[in-house]
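In order, the protein sequences belong to chains A and B. Residue 1 is where the first sequence starts when you use the UniProt record's numbering, and the numbers rise one by one after that. Residue 1 is where the second sequence starts when you use the UniProt record's numbering, and the numbers rise one by one after that.
Protein chains: 2
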Amino acid sequence: MSSLLEQLIEAFRILPGVGQKTAQRMAYHVLEREREGGRRLAAVLADAVERVGHCERCRDFSEAPVCATCASQARDRHQLCVVESPADRLAIEQATGYRGLYFVLQGRLSPLDGIGPREIGLDRLAQRLAEGEVHELIVATNPTVEGEATAHYLAQIARQHSVRPSRLAHGVPLGGELEYVDRGTLSHAFGSRSEME
Amino acid sequence: MSSLLEQLIEAFRILPGVGQKTAQRMAYHVLEREREGGRRLAAVLADAVERVGHCERCRDFSEAPVCATCASQARDRHQLCVVESPADRLAIEQATGYRGLYFVLQGRLSPLDGIGPREIGLDRLAQRLAEGEVHELIVATNPTVEGEATAHYLAQIARQHSVRPSRLAHGVPLGGELEYVDRGTLSHAFGSRSEME
Numbered sequence: 001m002s003s004l005l006e007q008l009i010e011a012f013r014i015l016p017g018v019g020q021k022t023a024q025r026m027a028y029h030v031l032e033r034e035r036e037g038g039r040r041l042a043a044v045l046a047d048a049v050e051r052v053g054h055c056e057r058c059r060d061f062s063e064a065p066v067c068a069t070c071a072s073q074a075r076d077r078h079q080l081c082v083v084e085s086p087a088d089r090l091a092i093e094q095a096t097g098y099r100g101l102y103f104v105l106q107g108r109l110s111p112l113d114g115i116g117p118r119e120i121g122l123d124r125l126a127q128r129l130a131e132g133e134v135h136e137l138i139v140a141t142n143p144t145v146e147g148e149a150t151a152h153y154l155a156q157i158a159r160q161h162s163v164r165p166s167r168l169a170h171g172v173p174l175g176g177e178l179e180y181v182d183r184g185t186l187s188h189a190f191g192s193r194s195e196m197e
Numbered sequence: 001m002s003s004l005l006e007q008l009i010e011a012f013r014i015l016p017g018v019g020q021k022t023a024q025r026m027a028y029h030v031l032e033r034e035r036e037g038g039r040r041l042a043a044v045l046a047d048a049v050e051r052v053g054h055c056e057r058c059r060d061f062s063e064a065p066v067c068a069t070c071a072s073q074a075r076d077r078h079q080l081c082v083v084e085s086p087a088d089r090l091a092i093e094q095a096t097g098y099r100g101l102y103f104v105l106q107g108r109l110s111p112l113d114g115i116g117p118r119e120i121g122l123d124r125l126a127q128r129l130a131e132g133e134v135h136e137l138i139v140a141t142n143p144t145v146e147g148e149a150t151a152h153y154l155a156q157i158a159r160q161h162s163v164r165p166s167r168l169a170h171g172v173p174l175g176g177e178l179e180y181v182d183r184g185t186l187s188h189a190f191g192s193r194s195e196m197e
């Protein structure tokens with residue numbers, strides 16, 4: 001096997017969920033059938049790792065100092081949705097009709113890993129709430145232990161600045177069958193039941 | 001979402017088995033945690049698509065005109081193993097103690113797709129058998145309809161040049177349970193049973 005090929009297989013392994021076998025398949029596939037696409041991927045990737053930084057308003061990925069969403073005049077500046085990651089932000093943007101702005105923590109509070117409020121940009125968030133433009137802080141951190149702790153902290157900050165905090169609803173997923181829903185979710189959904197009209 | 005990020009997600013989709021969601025995850029992962037690895041992948045990939053060609057002896061991938069295996073003095077030049085793809089060649093090299101040489105078809109006979117003997121290098125293979133160095137042609141094409149047709153064709157070429165053709169054994173996989181083996185394999189294994197000593 002050629003040494004450059006070995007290097008290519010090894011290099012593919014940085015991708016998430018890609019082990020030795022998949023990396024091999026990727027390398028062979030590109031060399032056999034996708035040289036043009038491979039050339040393009042190499043160029044875009046080299047460009048992106050150098051030039052994609054973070055938006056100084058929302059901390060999402062952005063080439064420009066301020067991302068397109070934050071710069072847009074069409075978005076409602078009174079609502080701010082806080083998410084843990086760019087992927088979460090994208091999921092909400094694609095699934096909902098939300099027209100407000102976002103704030104991307106790029107993480108969650110995790111004192112044991114040395115991730116405190118500063119590391120996830122909460123000083124900057126507090127500053128922003130102090131400006132008075134935001135009326136509602138939509139807390140969309142993940143429903144994990146760390147995400148919940150972060151949510152509580154965010155709610156506190158919001159109240160300190162007289163901003164109304166809200167939280168995504170948790171419960172049985174649509175189309176899910178009760179039988180297969182995990183106990184924690186089912187228990188929460190049962191406790192949070194609402195009256196039918 | 002930044003446009004360079006969108007381009008990166010799109011570029012990742014050339015990889016086998018990578019759809020929109022996985023491409024997103026890859027792009028975010030590289031930008032969040034693997035910029036150095038991403039830089040390296042971009043460089044190696046750009047290099048590989050330009051410089052990795054095919055060995056002129058065995059048609060496997062190689063940077064040099066003749067690959068390391070074909071150039072090696074330690075390999076047995078009397079045995080030649082024919083495989084469909086570089087991945088098949090690697091699988092045999094890693095799983096068996098085979099010390100002979102290889103010939104990589106980079107495909108299989110498929111007249112309907114316009115893939116005839118020339119396209120998979122059989123003219124070059126015949127030439128090589130005519131040189132008289134090879135004594136055994138080990139036919140390791142896949143046990144599919146096209147792979148079997150290719151195997152028969154290869155056996156004919158071998159016999160024309162007084163080379164002994166052989167074929168990998170087919171049957172029940174080791175560790176497999178009869179109950180779960182497909183009918184074709186089971187039927188073949190039953191028909192090809194051998195006497196126990």
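In this text, a Cβ means the ideal position worked out from N, Cα and C, and glycines have one as well.
{"Item": "Euclidean distance between Cα positions of residue 70(A) and residue 153(A)", "Value": "24 Å"}
{"Item": "The stretch 169 to 177 of chain B / the stretch 186 to 195 of chain B touching (three or more Cβ pairs under 8 Å)", "Value": "yes"}
{"Item": "Inter-residue Cα distance where the pair is residue 135(A) and residue 87(B)", "Value": "58 Å"}
{"Item": "7 Å Cβ cut-off: residues of chain B touching residue 34(A)", "Value": "14"}
{"Item": "DSSP state of residue 18(A) mapped onto helix, strand, coil", "Value": "coil"}
{"Item": "Residue-chain proximity (residue 133(A), chain B), Cβ-Cβ < 8 Å", "Value": "no"}
{"Item": "Helix, strand or coil at residue 49(B) according to DSSP, with G and I counted as helix", "Value": "helix"}
{"Item": "Assigned exposure category for residue 17(B) - 16 Cβ within 10 Å defines buried", "Value": "exposed"}
{"Item": "Residue 80(B) versus residue 100(B) - alpha carbon distance", "Value": "6 Å"}
{"Item": "heavy atom of the ligand FMN below 7 Å from residue 13(B) C-beta", "Value": "Because no ligand of any kind appears in the structure shown, any question about the ligand FMN cannot be addressed here."}
{"Item": "Start-to-end residues for the alpha helix (DSSP H) that takes in residue 7(B)", "Value": "3 to 12"}
{"Item": "C-beta neighbour in chain B for residue 196(A), strict 8 Å", "Value": "no"}
{"Item": "Residues that DSSP places opposite residue 157(B) in a beta bridge", "Value": "Paired residues: none, contrary to the question."}
{"Item": "Proximity test, Cβ basis, 8 Å: residue 24(A) and chain B", "Value": "yes"}
{"Item": "Sub-8 Å separation of residue 139(A) and residue 165(A) beta-carbons", "Value": "yes"}
{"Item": "Contacts around residue 63(A), its chain only, beta-carbon distance under 8 Å, and the 5 residues preceding and following it disregarded", "Value": "51, 52, 53"}
{"Item": "Backbone CA spacing between residue 108(A) and residue 84(A) [nearest angstrom]", "Value": "6 Å"}
{"Item": "Entirely enclosed alpha helix (DSSP H) segments - the stretch 112 to 136 of chain A, minimum 4 residues", "Value": "122 to 130"}
{"Item": "Per-residue burial, residue 130(A) [other beta carbons within 10 Å of its own, 16 or more giving buried]", "Value": "exposed"}
{"Item": "In DSSP terms, what residue 138(A) is bridged to", "Value": "81(A), 166(A)"}
{"Item": "Closer than 8 Å to chain A by CB, residue 29(B)", "Value": "yes"}
{"Item": "Anticipated Cβ contact below 8 Å, residue 105(A) with residue 157(A), distance rounded", "Value": "Residue 105(A) to residue 157(A), Cβ: 12 Å. No contact."}
{"Item": "Selected residue, minimal CA-CA separation from residue 163(B), among 122(B), 179(B), 78(B)", "Value": "78(B)"}
{"Item": "Option in 137(B), 76(B), 15(B) with minimal Cα separation from residue 97(B)", "Value": "76(B)"}
{"Item": "Short CB-CB distance (under 8 Å) between residue 63(B) and chain A", "Value": "yes"}
{"Item": "8 Å Cβ cutoff, residue 168(A) in contact with chain B", "Value": "no"}
{"Item": "is_contact[residue 173(B), chain A] using C-beta, thresh 8 Å", "Value": "no"}
{"Item": "CA-to-CA distance, residue 103(B) to residue 57(B), given in whole angstroms", "Value": "8 Å"}
{"Item": "Residue 190(A), buried or exposed, once every other Cβ within 10 Å from all chains shown has been counted against 16", "Value": "exposed"}
{"Item": "Three-state secondary structure assigned by DSSP to residue 194(A)", "Value": "coil"}
{"Item": "Pair within 8 Å by beta-carbon distance, residue 39(A) and residue 82(B)", "Value": "no"}
{"Item": "Own chain residues within Cβ distance below 6 Å of residue 121(A), not counting five before or after", "Value": "59"}
{"Item": "CB contact check: residue 108(B) to chain A, cutoff 8 Å", "Value": "no"}
{"Item": "is_contact[residue 20(B), chain A] using C-beta, thresh 8 Å", "Value": "no"}
{"Item": "Beta-carbon gap between residue 61(B) and residue 41(A) smaller than 8 Å", "Value": "no"}
{"Item": "DSSP-derived helix/strand/coil call for residue 31(A)", "Value": "helix"}
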